[in-house]
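*Asks:*
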Amino acid sequence: MLALAARIRRRSRAPPVGRCVARKRPRGDAETSARAAMLARRMDCPRPHGARRETAPMDTDSAQRRPPTPPAVPRDAAGRDAAGVENKAAGFAGEFETHLTVAADRDGALQRFAAAHGLKCLHIELARGAQPLQPMLSWRGRGEFAQQRARAQAIAAQLRAAGLAPTRIKIEAAPGNRGVPRDDADAGAGRYFESHIKLLLPAGADLAALAARVAGHGAHLSRNALRTREDGLDERFVTQRSRGGLERAYAQLRALLDELDAMDLRRLGAETEYVVYDDNLAVDDGWINMGTDDPLARRAGR
Numbered sequence: 218m219l220a221l222a223a224r225i226r227r228r229s230r231a232p233p234v235g236r237c238v239a240r241k242r243p244r245g246d247a248e249t250s251a252r253a254a255m256l257a258r259r260m261d262c263p264r265p266h267g268a269r270r271e272t273a274p275m276d277t278d279s280a281q282r283r284p285p286t287p288p289a290v291p292r293d294a295a296g297r298d299a300a301g302v303e304n305k306a307a308g309f310a311g312e313f314e315t316h317l318t319v320a321a322d323r324d325g326a327l328q329r330f331a332a333a334h335g336l337k338c339l340h341i342e343l344a345r346g347a348q349p350l351q352p353m354l355s356w357r358g359r360g361e362f363a364q365q366r367a368r369a370q371a372i373a374a375q376l377r378a379a380g381l382a383p384t385r386i387k388i389e390a391a392p393g394n395r396g397v398p399r400d401d402a403d404a405g406a407g408r409y410f411e412s413h414i415k416l417l418l419p420a421g422a423d424l425a426a427l428a429a430r431v432a433g434h435g436a437h438l439s440r441n442a443l444r445t446r447e448d449g450l451d452e453r454f455v456t457q458r459s460r461g462g463l464e465r466a467y468a469q470l471r472a473l474l475d476e477l478d479a480m481d482l483r484r485l486g487a488e489t490e491y492v493v494y495d496d497n498l499a500v501d502d503g504w505i506n507m508g509t510d511d512p513l514a515r516r517a518g519r
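As numbered in our numbering, residues 218 to 519 make up the sequence shown, in order.
(1) When the Cα atoms are used, what is the spatial distance from Ala454 to Ala378?
(2) The alpha helix (DSSP H) that contains Ile372, what's its start and end?
(3) Use the C-beta contact count for Gly325: other C-beta atoms within 10 angstroms, 16 or more gives buried, fewer gives exposed.
(4) For Glu490, count the other beta carbons within 10 Å of its own beta carbon; 16 or more makes it buried, fewer makes it exposed. Which is it?
(5) Using a 10 Å radius around the Cβ and a threshold of 16 neighbouring Cβ atoms, would you call Asn506 buried or exposed?
(6) Please determine if the segment 367 to 375 and the segment 405 to 424 are in contact, where contact requires at least 3 C-beta pairs separated by less than 8 Å.
(7) If you run the structure through DSSP and keep just helix, strand and coil, what is His316?
(8) Could you tell me whether the Cβ atoms of Thr456 and His413 are closer together than 7 Å?
(9) So, Ile388 versus Thr318, is the Cβ gap smaller than 7 Å?
(10) Alpha carbon to alpha carbon, how far is His340 from Arg395?
(11) Pick out whichever of Asp403, Ala371 and Phe410 has its Cα sitting closest to the Cα of Tyr467.
(12) By how many angstroms is the C-alpha of Ala429 removed from the C-alpha of Leu343?
(13) Leaving out five residues on either side along the sequence, give the residues of the same chain with a beta carbon under 6 Å from the beta carbon of Arg357.
(14) Give every residue of the same chain whose Cβ lies closer than 6 Å to the Cβ of Asp502, excluding the five residues on either side of it in the sequence, and list them in chain order.
(15) Quick one: using the 10 Å Cβ neighbour count with 16 as the cut-off for buried, is Ala333 buried or exposed?
(16) Rounded to whole angstroms, what is the Cα-Cα separation between Leu498 and Arg385?
(17) Once the 5 residues before and after Pro349 are set aside, which same chain residues still bring their CB inside 7 Å of it?
(18) Are the beta-carbon atoms belonging to Leu427 and Leu485 less than 7 Å from one another?
(19) Flag this pair as yes or no: are the beta carbons of Leu477 and His434 separated by less than 7 Å?
Here it is, written out as structure tokens:
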């Protein structure tokens, strides 16, 4: 009788709360046994009341690396930007250069601002025009167009807070950027190519004769008034603008380079960029006249 009672007590004894009952399993492959043990724990071991399920940690590093979302670009009811040009520049991506012009640089305030913010300061002096002296900031960036414009607008706000008056934002895309038109059929109204040729002239060079030669190619002269050379030579820029596609711009640039080579001038470099955004082209009135782009503007979808 005593032995029978002992066997009954052993069978009715329940396992303590929070512990698992180890079940005997047939011996076999080690991996199979491990998987079976894991399943047994899930089925036979309920979580104590109030315990939380363990989950994998969130990947916060990728979220931190994600660039911030730029502010929305303001548009009017017609979906155009402040200059009245259709803002379809969102498709451009790659390398950019931005120029932010101010009305005047009082007492070197713009130069101090540039030094404090790691930007380049230029005092562009045009050979002619309604606004021959144009102080500006310049910087390069990479990414989407919206990011470049958002940064330019933020810097413009900082300039206004510092007592300076921004008058123009111009954003230029590298020729290899996505969205840059290759031929006239792909070009959009309101945008243009701009080529710069940097010349090194001897002191006392005939600038009037040079201006007359390049004017036949729709180009004009300028210089950075803040840039002086110790050797006494004079650096000048020859700027040419072109509507249409990149092929047209390069063809016009080659003709201009041939003209300059015929004058046996020393050339330091040349580059072409696509101006995807210019909110105040009138700043250059009287300096360069590209004519009208009405044929492009009338094209459906532009």
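Think of the CB as a built atom: it goes at the ideal place given N, C-alpha and C, for glycine as much as any other residue.
Source: prediction; values computed, not measured.
*Replies:* For this structure:
(1) First, the amino acid is wrong: residue 454 is Phe here, not Ala. Answer to the nearest angstrom: the Cα atoms are 32 Å apart.
(2) Phe362 to Ala378
(3) exposed
(4) buried
(5) exposed
(6) no
(7) strand
(8) yes
(9) no
(10) 31 Å
(11) Phe410
(12) 15 Å
(13) Glu314
(14) Ala347
(15) exposed
(16) 8 Å
(17) Glu342 and Leu343
(18) no
(19) no
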